[in-house]
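Participant: Using the numbering used here, the first residue of the sequence shown is number 3, and each one after it goes up by one.
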Amino acid sequence: MLLPILKYGAEPLRRPTHAVDFFNSELEKIARNMVETMYSAPGIGLAANQVGIELQLATIDLTVGEDSKQLIVLCNPEVVRSEGEQKSDEGCLSIPDFTETIVRPSKMTVMGQDVHGNEIEFEAEGLLARCVSHEIDHLNGVLFIDHLSPLKRNLIRNKIKKLARTGEW
Ligand code: ZN
């Protein structure tokens, strides 16, 4: 089932999410719907609060479904190590049509749980590190434009306000 993706301005995007403490068929269903929504968007990552579900749950797949082995369903993520810096253009399904250059760690070690509650730990580099960092930000109520200078952020905010006034947001 496709879930509507919330856009900038929606409250759940700004609230830190709650730890996942149930690993059952309900969680599997939420994750399945998120993956379907992410692929359909299309996007390489989706955080649960982007679809109004305030749980520490994110789905990530750099191949957008081309290679199912690349899919990561990540619950309760924690960055245990982070190093270096990378600078690249970044966008967000909740802030469509805006891209900005954002600095992210170049390499991270992430711990968390899979959809069954099993502990997982993996190393992320390059685009994967960027994506994981972006999604963990979401789960803490942080958006990529928060990494910009106040001037740039206000510019985007004002453009969005204008779009909202004309019903285009
Ligand atoms: Zn995003």
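Quick reminder that beta carbons are idealized off the backbone N, C-alpha and C, glycines included.
Does the segment 50–70 come close enough to the segment 3–21 to have 3 or more Cβ pairs within less than 8 Å?
Facilitator: As far as the Cβ criterion goes, the segment 50–70 touches the segment 3–21, which means the pair count is three or higher.
Participant: Buried or exposed, going by whether 16 or more other CB atoms sit within 10 Å of the CB of residue 39?
Facilitator: In the sequence shown, residue 39 corresponds to position 37, counting from 1. Residue 39 comes out buried.
Participant: How would you call residue 80, buried or exposed, if buried means at least 16 neighbouring beta carbons within 10 angstroms?
Facilitator: Locating residue 80 in the sequence shown gives position 78, counting from the first residue. By the 10 Å Cβ count, residue 80 comes out exposed.
Participant: Is the CB-CB distance between residue 103 and residue 89 below 8 Å?
Facilitator: As a working mapping, residue 103 is identified with position 101 in the sequence shown. As a working mapping, residue 89 is identified with position 87 in the sequence shown. Closer than 8 Å, so yes.
Participant: Ignore the nearest five residues each way along the sequence and tell me which others in residue 41's own chain have a CB closer than 8 Å to its CB.
Facilitator: Within the sequence shown, numbered from 1, the residue matching residue 41 stands at position 39. Cβ neighbours of residue 41 beyond the five flanking positions: 63, 66, 67.
Participant: Mind checking who residue 20 pairs with in its DSSP beta bridge?
Facilitator: The sequence position of residue 20 within the sequence shown is 18, counting from 1. Per DSSP, 57.
Participant: Is there at least one non-hydrogen atom of ligand 1 closer than 7 Å to the beta-carbon of residue 94?
Facilitator: Against the sequence shown, residue 94 aligns to sequence position 92. Correct: residue 94 has its Cβ closer than 7 Å to ligand 1.
Participant: Just mark residue 118 as buried or exposed, buried being the case when its beta carbon has 16 or more other beta carbons within 10 Å.
Facilitator: Sequence index remark: in the sequence shown, residue 118 carries index 116 (1-based). Looking at its Cβ environment, which holds fewer than 16 other Cβ atoms inside 10 Å, residue 118 is exposed.
Participant: Under 8 Å between the Cβ atoms of residue 105 and residue 149?
Facilitator: Counting from one through the sequence shown, the residue named residue 105 turns up at place 103. Counting from one through the sequence shown, the residue named residue 149 turns up at place 147. Yes, Cβ-Cβ distance for residue 105 and residue 149 is below 8 Å.
Participant: Taking only heavy atoms of ligand 1 into account, decide whether any of them is closer than 7 Å to the Cβ of residue 149.
Facilitator: Taking the sequence shown and counting its residues from 1, one reaches residue 149 at position 147. Checking the Cβ of residue 149 against ligand 1 gives no.
Participant: Which partner residues of residue 49 appear in the DSSP bridge assignment?
Facilitator: Within the sequence shown, the letter at position 47 stands for residue 49. DSSP output for residue 49 lists 60 as bridge partner(s).
Participant: Report whether the distance from the Cβ of residue 136 to the nearest heavy atom of ligand 1 is below 7 Å.
Facilitator: Along the sequence shown, read from residue 1 onward, the residue named residue 136 stands at position 134. Flag set: Cβ of residue 136 near ligand 1.
Participant: Taking buried to mean at least 16 other C-beta atoms within 10 Å of its own C-beta, is residue 59 buried or exposed?
Facilitator: Along the sequence shown, one-based indexing puts residue 59 at 57. Label assigned to residue 59: buried.
Participant: With the cut-off set at 8 Å, would you say residue 180 and residue 5 are in Cβ contact?
Facilitator: Nothing about residue 180 can be reported from this structure: the residues present for the chain run from 3 to 171 only.
Participant: Taking the continuous alpha helix (DSSP H) assigned at residue 152, which residues delimit it?
Facilitator: Taking the sequence shown and counting its residues from 1, the one referred to as residue 152 is at position 150. Note, residue 152: alpha helix (DSSP H), 152–167.
Participant: Mapping the DSSP letters down to three states, classify residue 35 as helix, strand or coil.
Facilitator: Position 33 of the sequence shown, counting from 1, holds the residue named residue 35. If DSSP states are grouped into helix, strand and coil, residue 35 belongs with the helices.
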